[in-house]
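Below is one structure, written out as structure tokens; comments come after it.
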Amino acid sequence: MPLTIRQVGPCFAGEVAGIDLTKPLPAADIAAIHAGMDKYAVLVFHDQDFTDAQQLTFTQSLGPLELAIGTSLRRPEDHRLPTTFADVSNLDRDNKPFARDDRRRLFAIGNRLWHSDSSFKVIPAKYSLLHARSIPSRGGNTEFAYMPGAYDALDQETKDLIEDLVCEHSQMYSRAKLGFTDFTPEERERFKPVRQRLVRTHPSTGRKSLYLSSHAGTIIGWPEPEAKALLLDLTEAATQREFVYSHKWRVGDLVMWDNRQTMHRARPFPHDEPRDVRRTTLMGDAPTVAQQAA
Ligand code: OGA
Ligand code: MN
């Protein structure tokens with residue numbers, strides 16, 4: 205059966221049928237998936253019975269992997285998964301949900317703010333692939349917002365204002381929004397801000413989009429309150445329901461999103477129930493802006 209894609213979101217997001225991602229894929233299917241990602245920005249594949257190795261193999265068939273090193277508060281000895289995976293679950297090494305006040309859990313609550321993955325890295329992520337192994341009894345949707353649509357809807361004055369702006373992104377900025385500020389000196393060094401353009405152009409579609417993320421905390425050359433107020437306004441405009449697809453998870457779903465044209469956020473769920481979702485990530489190809497000399 206050939207691969208088919210049906211739009212499920214308001215102006216983006218497609219549900220793919222007719223493909224088993226656990227098997228090696230012919231080049232035509234890989235090309236169709238990339239084309240689908242360019243067009244829909246989010247693709248949903250149901251009933252993918254992945255092992256970790258199969259998820260990795262599929263991910264690497266699409267491009268080079270971004271490793272998850274030093275991006276969470278899990279210490280190396282706390283890791284449940286190898287660094288080829290971002291462990292987005294709420295589980296410790298023994299597959300038990302973190303206690304409500306566990307610092308690693310509180311840091312991970314940052315995922316409930318709208319963001320684009322690895323916008324805090326000099327070269328931010330291309331695609332993220334999130335697979336559901338177990339899900340809570342309620343809540344825990346993932347929502348996606350479509351940034352080319354949000355950009356197009358801005359008035360011309362705003363487009364002109366933001367065209368060349370550069371923001372600084374850090375995981376410390378997103379966590380500060382939730383009152384999480386007790387970083388150690390080592391963490392402050394590791395989470396040093398990086399620069400990203402506020403308007404970026406997609407290399408395949410040529411469309412401009414808003415490159416927003418809760419990790420963005422400053423705009424170069426702007427007073428901080430004015431910068432933060434603009435970023436809040438833009439985020440509010442970009443996440444109106446007409447630009448948002450909300451994914452309700454089923455076990456076996458693989459959801460893949462293009463971080464260059466979407467933001468996403470997790471929704472709350474009961475903290476004592478396991479939510480085992482595992483992310484592999486494709487590396488982006490370049491910085492969005494030249495970085496400040498160290
Ligand atoms: C991620 C992420 C949201 C969720 O995997 O990068 O932000 O719903 N996930 O778990
Ligand atoms: Mn994320």
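Residue numbers (the working numbering): 205 to 498.
Don't be surprised by glycine CBs; every beta carbon is placed ideally from N, CA and C.
Treat the numbers as computed from the prediction; the structure is a model and nothing was measured.
Along the chain, where does the beta strand (DSSP E) containing K330 start, and where does it finish? Its beta strand (DSSP E) spans residues A329 to S338.
H406: first and last residue of the uninterrupted alpha helix (DSSP H) it sits in: From DSSP, H406 is part of no alpha helix (DSSP H); its letter is neither H nor E.
Sorted by chain position, which residues of the same chain lie with C-beta nearer than 8 Å to H319's C-beta, five sequence neighbours on each side aside? Cβ neighbours of H319 beyond the five flanking positions: S378, S417, S418, H419, M467, H468 and R469.
Tell me whether the beta-carbon of F262 lies closer than 9 Å to the beta-carbon of Y244. no
Could you check the C-alpha separation between G218 and K300 for me, to the nearest Å? 33 Å
For Q211, report the span of its alpha helix (DSSP H) as first-last. Looking at the DSSP string, Q211 is not in any alpha helix (DSSP H); the run it does join, the beta strand (DSSP E), is T208 to Q211.
Could you tell me if Q444 is buried or exposed, where buried requires 16 or more neighbouring beta carbons within 10 angstroms of its beta carbon? exposed
Given this structure, state the Cα-to-Cα distance separating L310 from G425, to the nearest angstrom. 32 Å
To the nearest angstrom, report how far apart R304 and D359 are at their CA atoms. 43 Å
Residues in the same chain with beta-carbon distance under 8 Å from E477, minus the five sequence neighbours each way, listed in chain order, please. Within the same chain, and ignoring the five residues on either side of E477 in sequence, the residues whose Cβ sits closer than 8 Å to its Cβ are P301, P340 and S341.
In whole angstroms, what separates the C-alpha of F447 from that of L285? F447 and L285 have their C-alpha atoms roughly 33 Å apart.
How is I366 classed by DSSP in three states: helix, strand or coil? helix
Would you mind giving the Cβ-Cβ distance between L458 and F289, rounded to the nearest angstrom? I have them listed as a contact below 8 Å. Incorrect: roughly 13 Å between the Cβ atoms, too far for contact.
Among all the DSSP beta bridges, which residues are the ones paired with M487? A329
Ignore the nearest five residues each way along the sequence and tell me which others in I423's own chain have a CB closer than 6 Å to its CB. L369, C371 and A431
Quick check: K166 and D489, are their CB atoms within less than 9 Å of each other? The chain is shown only over 205 to 498; residue 166 falls outside these bounds and no answer can be derived.
List in chain order: all unbroken alpha helix (DSSP H) runs of 4+ residues lying wholly within the stretch 293-317. 307-312
Excluding the 5 residues preceding and the 5 following R411 in the sequence, name in chain order all residues of the same chain whose CB lies nearer than 6 Å to its CB. P352
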